[in-house]
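Reviewing the structure listed below.
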Amino acid sequence: MVDTRDVAAVAAVVLTQPGHVGAHYDVTGPEALSYAEVAAKLTNATGRRITYVAAPDDAARQALLGTGLNEWFANALVGLYQDYRRSGSDGYAAQVTNAVERLTGRPARSLDNLLAELTPTFPASRRDPPGP
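Counting in my numbering, the sequence shown runs from 43 upward without gaps.
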């Protein structure tokens, strides 16, 4: 997972500075996180219990179609989720690179950093203590 601001910063360097023609960069965040780990971090940041539920592919596809996505895009997203699952905990989706720091001169932002920035925007009145 990677912060979109880091993607934008890398794109700005690549598009405005020489030496990147034909290059490709694997831009990642600073740590590989599972969806369950993301849910735990969201729980800590918001004070609300958030869990990751692995939805079957057909259910995910139907939900995406139900939001108005066209069939091609829904199938493409489900295919991406399948690729991530096939990658496993040591596959390509779990790899971490230093591309952000190498290209921008500063480390990639972590999910913890992002959530610390956003925590004040979570309404305190809607925070529930995390349950078991």
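Ideal Cβ positions, reconstructed from N, Cα and C, are used throughout, including at glycine.
Check your understanding: If you run the structure through DSSP and keep just helix, strand and coil, what is Ala50?
Key -> helix
Exercise for review: Tell me where the alpha helix (DSSP H) around Arg127 begins and ends.
Suggested key: Glu113 to Ser129
Check your understanding: Exposed or buried, which one is Glu159 when buried takes at least 16 other CB atoms within 10 Å?
Key -> exposed
Check your understanding: What residue from Arg103, Thr58, Ala105 and Ala78 has the CA that sits closest to Ile92's CA?
Key -> Ala78
Review point. Which residues in the same chain as Ala81 place their Cβ atom closer than 6 Å to its Cβ, once the five residues preceding and following it in sequence are excluded?
Key: Ile92, Thr93 and Tyr94
Practice item. Please report the Cβ distance between Glu113 and Leu122, rounded to the nearest whole angstrom; I am assuming they are in contact, meaning their Cβ atoms lie under 8 Å. Key: 15 Å between Cβ atoms; not a contact.
Point to revise | Cα-Cα separation, Gln124 to Leu111 | key: 18 Å
Point to revise | Closest Cα partner of Ala97 within the set Asn86, Ala135, Ala87 and Val120 | key: It is Val120 whose Cα lies nearest to the Cα of Ala97.
**Study point:** Limits of the alpha helix (DSSP H) - the one that Gln104 falls within
**Key:** Looking at the DSSP string, the run of the alpha helix (DSSP H) that includes Gln104 is Asp99 to Gly108.
Review point. Just checking my contact of Thr70 with Thr139 at CB under 8 Å: how many whole Å lie between their CB atoms?
Key: 5 Å
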